[in-house]
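Below: the structure, in structure tokens.
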Amino acid sequence: MLSLRNIMLCTALLSPSLYAETNSATLETQAAERATEFATTLKSALAAAIKQGGLVEGINVCKMQAPAISDSLSTDGWTVARKSTKNRNPNNKPDDWEAEKIAQLLDMIRNTESIDNVTFSTSKDGQFRFAKAIKVAPVCLNCHGQTIAPEVKQALSEHYPNDLATGYRLGDLRGIFSITKELETSEP
């Protein structure tokens, strides 16, 4: 009697494209889960900080806790990051693939297409890449909007002297969650 493992192995050997599609779907699901966990954890920390110490304390969360959240999710070969062409932190500057995905999302917005459930993924050069849009929510406007309180502007200029991440409106594309997984390669 064949075990489930043997059946899956036979199926993979007989249909490599089916195996690749299944593996890709699994990776997409895992990447989406990491993006959601990043967003949820950061929003929760940000809300608590603003409630406790105001918007200036929220800036500290974005500067200190966001990278820590990213690091905590960057395990088991995964790298979790936020990227933007209008970055506040220069470390969040997109690479060519990320910049291309941001440009595609901006084109969709210009064509009045919804980007709410849009994701991109590819497997290339030993990596699985995944991108999902980050849209500007109401709370984001306090530090990323067109009108920013003077004390917030002051704190931003102290923390981010080369800040490019202002002037947004509600619903604008802020950037992307960029999730990468190093794929295991089999030696011949």
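Note that the sequence shown covers residues -20 to -1, 1 to 168 in mature numbering (1 follows the signal peptide of the UniProt record, and there is no 0).
Yeah, the Cβ is synthetic: ideal placement off N, Cα and C, and Gly gets one too.
Span of the alpha helix (DSSP H) holding residue i?
i      : result
VAL132 : 130 to 139
ALA83  : 76 to 90
LEU53  : 46 to 53
Taking the beta strand (DSSP E) that residue i belongs to, which residues open and close that run?
i           : result
residue 256 : With the chain covering -20 to 168 only, the question about residue 256 has no answer from this structure.
GLU93       : Looking at the DSSP string, GLU93 is not in any beta strand (DSSP E), and its letter there is neither H nor E.
VAL60       : 58 to 63
Taking only the alpha-carbon atoms, compute the straight-line gap between residue i and residue j and give it to the nearest angstrom.
i       : j      : result
THR65   : CYS42  : 17 Å
ILE82   : ILE89  : 11 Å
ALA46   : PRO141 : 18 Å
ALA135  : SER4   : 42 Å
GLY106  : PRO130 : 47 Å
THR160  : GLY38  : 27 Å
PRO(-5) : SER54  : Legend: pLDDT at PRO(-5) = 45, less than 50; position of this residue unreliable, value from coordinates given subsequently. Near 29 Å, if we compare the C-alpha coordinates of SER54 and PRO(-5).
ILE156  : LYS112 : 5 Å
ASN97   : GLY34  : 31 Å
HIS124  : SER52  : 25 Å
LYS23   : GLU17  : 10 Å
GLY57   : GLU13  : 15 Å
ILE30   : TRP77  : 34 Å
GLU93   : CYS120 : 22 Å
ARG149  : THR21  : 23 Å
ARG154  : GLN32  : 25 Å
ILE95   : GLU164 : 31 Å
ALA25   : ALA48  : 12 Å
On a Cα-Cα basis, can you pick out the residue from the options that is closest to residue i?
i           : options                        : result
HIS139      : ILE30, SER4, VAL36             : VAL36
THR6        : LEU86, ALA117, THR102, THR92   : THR102
PRO118      : ASN71, ASP51, ALA27            : ALA27
ASP143      : VAL132, GLY151, THR9           : VAL132
ARG109      : GLU93, GLU80, ILE128           : GLU80
SER50       : SER158, ASP152, GLU164, GLU162 : SER158
GLU162      : SER137, GLY151, LYS115, LYS104 : LYS104
residue 177 : ASP76, LEU22, THR99            : Given that the chain is displayed from residue -20 to residue 168, the structure contains no residue 177 and the question cannot be resolved.
VAL116      : GLY151, ALA29, ALA15           : GLY151
GLY147      : ALA25, GLU164, ILE128          : ILE128
ARG68       : LEU85, ALA145, GLU164, ARG149  : ALA145
residue 188 : ASN122, GLU164, GLN126, ALA61  : Nothing about residue 188 can be reported from this structure: the residues present for the chain run from -20 to 168 only.
SER137      : ALA48, ASN91, ASN40            : ASN40
THR59       : THR9, ALA15, GLN126            : ALA15
So, under 8 Å CB-CB, residue i and residue j are touching, yes? Tell me the CB distance rounded to an integer number of Å.
i     : j     : result
PRO70 : LYS63 : Incorrect: roughly 11 Å between the Cβ atoms, too far for contact.
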